[in-house]
Each structure stands twice: as C-alpha cells, then as structure tokens.
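Enquirer: In this note's numbering, the protein residues as written are 10 to 325. There's a structure below that I have some questions on.
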Amino acid sequence: MSLSPVSTTFLGADNLVDPNLVETPYAFLGIPYGPPYAGWELSASADAADCVRNLTSSRSFTRFITHWNFDIGGPQSENGRPNVTDLGNVQGDVHNIDRIYSAALDALLPLVRNGIVPLVMGGLDSIPPMLVAPFQGVEDINVLQLDAHIDYRDEIYGRRDGYSSPMRRIRDFSCVHDLVQVGARSIGSARREEVEAALAAGNKIITAWDVHEKGAHNIAAQLELNRRWVICVDCDGMDPTIAPGVGVPEPGGLTFVQTATLIRHLAKQNRIAGIVFSEFQPARDVSGTTALTIIRLLLTILGIQRSPERIKPLSV
10 MSLSPVSTTF LGADNLVDPN LVETPYAFLG IPYGPPYAGW ELSASADAAD
60 CVRNLTSSRS FTRFITHWNF DIGGPQSENG RPNVTDLGNV QGDVHNIDRI
110 YSAALDALLP LVRNGIVPLV MGGLDSIPPM LVAPFQGVED INVLQLDAHI
160 DYRDEIYGRR DGYSSPMRRI RDFSCVHDLV QVGARSIGSA RREEVEAALA
210 AGNKIITAWD VHEKGAHNIA AQLELNRRWV ICVDCDGMDP TIAPGVGVPE
260 PGGLTFVQTA TLIRHLAKQN RIAGIVFSEF QPARDVSGTT ALTIIRLLLT
310 ILGIQRSPER IKPLSV
C-alpha cells in the first residue's frame with residue numbers, strides 16, 4: 010500500500026496505512042499533488058494535509074473533542090473519539106507523477122466500497138477526479154464544486170488532467186449525474202467554448218454573485234437529494250478573508266457562512282459521500298486562516314453527519 014504514516018494525526022485520530030482496516034465512518038487522507046503543468050506545482054500544496062493536521066493539535070481541537078461546538082449545536086463528540094481514522098498521505102514520486110493517480114485509487118476504492126466517507130486534503134486542483142473515480146461502478150453520485158473557476162478546459166499544454174480540467178474529467182464518469190458548480194467569478198482559464206460545453210453537458214453554473222444575491226439557503230435548496238454528493242472545494246472558491254492561502258486569491262468569494270450553509274445542508278440530509286479540499290498553499294496562508302477554515306468545515310461534517318449512510322455498492 011502506497012501510504013506513509015504521520016506523527017501528528019487529524020484530530021488525534023488513529024493512524025492506519027491500510028484502508029481495508031478502517032472501521033470509523035470517516036477517513037482523512039492526504040494526496041500531496043496531482044498532474045501539474047510545471048514542476049514547481051508539485052510542491053505548492055504538498056504539505057497541506059500535514060498543515061491541517063498540525064493545526065488541529067496546536068489549536069487544541071484534539072483536546073477539546075468533547076466540548077460544545079456552536080457550529081453544530083452540540084458537543085463535537087459525545088464519546089471522546091473523533092469518528093475518523095487518519096490514513097496518512099499517499100506516497101508520490103515526482104519522477105513518475107502519473108503513479109499518484111493509481112496510488113490514490115488504491116487507497117480510496119476500499120473506503121468507498123466499504124461505505125467509509127473520504128475526507129481528502131489534496132494538492133492543486135487536479136486532485137478531485139481521484140476522489141470521484143472509485144465511485145465508478147459502485148455508486149451513482151452528484152458532484153458539488155465550490156470554486157472561483159469552472160475548470161472545464163479539455164486540455165492545456167497537451168495535458169487533459171491538469172488543474173484547469175478536473176470538472177471536465179469528472180463529467181467523463183458515467184456515475185456522475187448532477188454537476189453543480191458554485192462560486193465562479195472574475196476571469197480564469199474558461200473561454201466561451203468551455204462555458205457552453207459545461208452547460209451543454211447539463212452542468213449548473215451558479216456564480217458567486219448568484220450566491221450573494223439569492224442567498225446560500227436558496228442555492229442549497231436546489232441540490233436534489235436522491236443521490237449522495239461528492240463535494241470538491243477549491244479553496245479559492247472561498248473569499249480571501251477566510252482562505253488567503255491560495256495561488257490566485259479573488260475578492261468576492263463565498264463567505265464562511267455561505268460555504269458552511271451548503272455543506273451543512275447536505276450533511277443534515279446524510280447526503281455527503283466524500284469531500285476534497287484542493288489548492289491550499291500553506292506558504293501563502295495568513296495566521297493559519299485557511300487551515301482553520303478547512304478544519305471547521307470538516308468538524309461540521311463530522312458533527313452533523315455522525316453516521317453516514319452505508320450504500321450497498323452497485324457492484325464490487
């Protein structure tokens with residue numbers, strides 16, 4: 010198994026490097042990078058998962074695990090256990106960058122087949138298809154993207170799996186039904202042809218302006234609940250006031266309350282199948298703000314959706 014152990018775990022959880030042994034409802038996993046366009050991108054977010062882990066310890070979330078969390082309206086944990094296992098980090102080889110996809114799938118597929126909800130802390134935004142891939146042939150899902158960009162380029166520099174293409178590649182999976190893209194704003198890699206292709210594929214694009222003007226509760230009510238959702242959070246989808254540690258900060262992003270409202274809505278309905286955070290670059294963070302935002306959103310899921318629905322796989 011291509012997983013490396015860690016000394017400090019997420020919320021003080023047990024550390025395993027065999028996903029087949031996970032017995033908790035959730036599993037935290039670091040994937041340090043995905044396919045890049047340039048070499049420096051391999052290190053930009055490589056320590057994101059460890060940064061999040063370390064902050065759960067230094068901010069005493071681990072010690073206060075039984076204390077009241079006003080984000081969820083009750084104690085974070087009733088029994089003193091974090092309800093999650095830490096699988097460490099997927100091992101990567103910068104000399105064979107394509108290997109990380111198969112290594113990530115090796116770690117995630119047993120979780121999905123066993124009904125464990127993956128909490129993935131990724132590198133740059135070519136990571137999300139790695140979380141969706143194990144659902145193919147196992148469970149039909151919807152995907153919620155929170156991002157400043159729609160990431161629908163078919164290719165850039167000959168790469169079809171870079172960080173401008175994850176939603177295009179996710180749309181390639183037949184297990185994906187609704188693909189709702191929330192938070193788009195400003196100018197990114199998308200051209201008219203990408204926007205038209207996304208809409209033609211049935212994607213729903215909800216801009217940041219839509220969220221601000223119509224309200225997050227209104228947007229959340231539009232998410233159908235017949236299937237579970239994989240949530241893909243590119244940290245630049247959130248406003249730089251709560252997520253400054255990104256490569257391209259864009260004013261006007263989703264607030265913490267707006268982001269949490271969408272996630273809480275799905276958690277309350279027991280509809281979250283997995284979540285991945287990407288584009289968090291710790292070297293660009295300010296006073297640990299981005300890491301803290303990620304932690305609070307994950308604590309919200311763990312506290313509200315305490316017992317995820319165990320789906321019987323379509324096939325194994």
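Here a beta-carbon is modelled for each residue, glycine too, at the ideal position from N, C-alpha and C.
Which residues does DSSP pair with Leu128 in a beta bridge?
Expert: Phe37, Ile284, per the DSSP bridge assignment.
Enquirer: Could you pull the DSSP bridge partners for Ala193 from this structure?
Expert: DSSP lists Thr216 as partners of Ala193.
Enquirer: Please report how far the alpha carbon of Leu64 lies from the alpha carbon of Leu128, in whole angstroms.
Expert: Rounded to whole angstroms, Leu64 to Leu128 spans 16 Å at the Cα level.
Enquirer: Within the stretch 81-133, note down every full beta strand (DSSP E) run reaching 3 residues or more, in order along the chain.
Expert: Taking only runs of at least 3 residues, the beta strand (DSSP E) segments lying wholly in the stretch 81-133 are 93-99, 126-130.
Enquirer: With a cut-off of 8 Å on the beta carbons, I'd call Thr214 and Leu208 a contact; round off their distance for me.
Expert: Residue identity differs from the one stated: residue 214 is Ile in this sequence, not Thr. The pair is a contact, with the Cβ atoms about 7 Å apart (cut-off 8 Å).
Enquirer: Identify the residues that DSSP records as bridge partners of Leu64: which are they?
Expert: DSSP lists no partner for Leu64.
Enquirer: Identify every residue that forms a DSSP beta bridge with Gln154.
Expert: In the DSSP output, where bridge partners are listed per residue, Gln154 has Gln190, Cys241.
Enquirer: So, with DSSP's three-state summary, where would you put Ile165?
Expert: Looking at Ile165 - three-state DSSP - the assignment turns out to be strand.
Enquirer: Which same chain residues end up closer than 6 Å to Cys60 when comparing Cβ atoms and leaving out the 5 residues on each side of it in sequence?
Expert: Taken in chain order, the residues that qualify are Pro291, Ala300.
Enquirer: Pop quiz: Gly171 and Ala217 are said to be a contact at Cβ under 8 Å. What is the actual Cβ separation, rounded to whole angstroms?
Expert: Incorrect: roughly 23 Å between the Cβ atoms, too far for contact.
Enquirer: Which of the three DSSP states is assigned to Ser316 in this structure?
Expert: Three-state result, Ser316: coil.
Enquirer: At the level of alpha carbons, what is the spacing between Pro137 and Glu50?
Expert: Each residue's alpha carbon lies about 16 Å from the other.
Enquirer: Buried or exposed for Thr309, please, with buried defined as at least 16 other CB atoms from any protein chain shown within 10 angstroms of its CB.
Expert: Flag for Thr309 reads buried.
Enquirer: Ends of the alpha helix (DSSP H) at Ser52?
Expert: From DSSP, the alpha helix (DSSP H) with Ser52 extends over 50-53.
Enquirer: Looking only at its chain, what residues have a beta carbon closer than 6 Å to the beta carbon of Arg293, apart from the 5 residues adjacent to it on each side?
Expert: For Arg293, where only same-chain residues beyond five positions count, the Cβ hits under 6 Å are Gly254.
Enquirer: I'd like to know if the stretch 131-148 and the stretch 63-79 are in contact, where contact means that at least 3 CB-CB pairs between them fall below 8 Å.
Expert: The stretch 131-148 vs the stretch 63-79: no contact.
Enquirer: Mind checking which residues open and close the alpha helix (DSSP H) that includes His76?
Expert: Where His76 is concerned, there is no enclosing alpha helix (DSSP H), given that its DSSP letter is neither H nor E.
Enquirer: For Val185, does the three-state DSSP call read helix, strand or coil?
Expert: Note: Val185 maps to strand in three-state DSSP.
Enquirer: Where does Asn227 sit, in a helix, a strand or coil, going by DSSP?
Expert: Residue state, collapsed to three classes: helix.
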